[in-house]
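S.K.:
In our numbering, the protein residues as written are 214 to 327.
1. Below 8 Å on the Cβ atoms is my contact criterion, and I expect residue 257 with residue 293 to pass it. Report the Cβ-Cβ distance as a whole number of Å.
2. Could you please give the first and the last residue of the uninterrupted alpha helix (DSSP H) stretch that includes residue 312?
3. Three-state secondary structure (DSSP) at residue 315?
4. Looking at the secondary structure, which residues open and close the alpha helix (DSSP H) in which residue 294 lies?
5. Nearest by alpha-carbon distance to residue 255: which of 307, 309, 310, 289 is it?
See the structure below:
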């Protein structure tokens with residue numbers, strides 16, 4: 214026993230102690246978690262996606278399938294592409310804004326698109 218409370222509430226009448234099957238499930242979940250940490254270290258799938266894949270969000274199928282099986286964790290997500298980060302786009306917006314003769318938020322946002 215690892216000393217964790219098994220959810221029994223300190224004695225009588227709570228949830229049943231963990232069975233061997235539930236312990237195996239917990240071990241499998243922890244190994245899944247370590248595999249997904251490696252997944253998050255890989256490149257963002259959008260980076261190598263073709264136009265059709267981007268239009269249909271096909272590159273997201275793996276993540277959507279995983280989310281259908283269990284709640285997603287932060288480590289399941291891929292890193293952002295540089296051009297989609299807030300810092301990058303704030304800098305681009307500022308440059309576009311400064312170049313405009315007549316400052317227009319709508320005009321800057323239209324020019325901000327990739």
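Heads up, the beta-carbon is just placed ideally off N, CA and C, and yes, glycines get one too.
M.R.: For this structure:
1. 7 Å
2. 299-312
3. coil
4. Here residue 294 belongs to no alpha helix (DSSP H), and DSSP marks it neither H nor E.
5. 289
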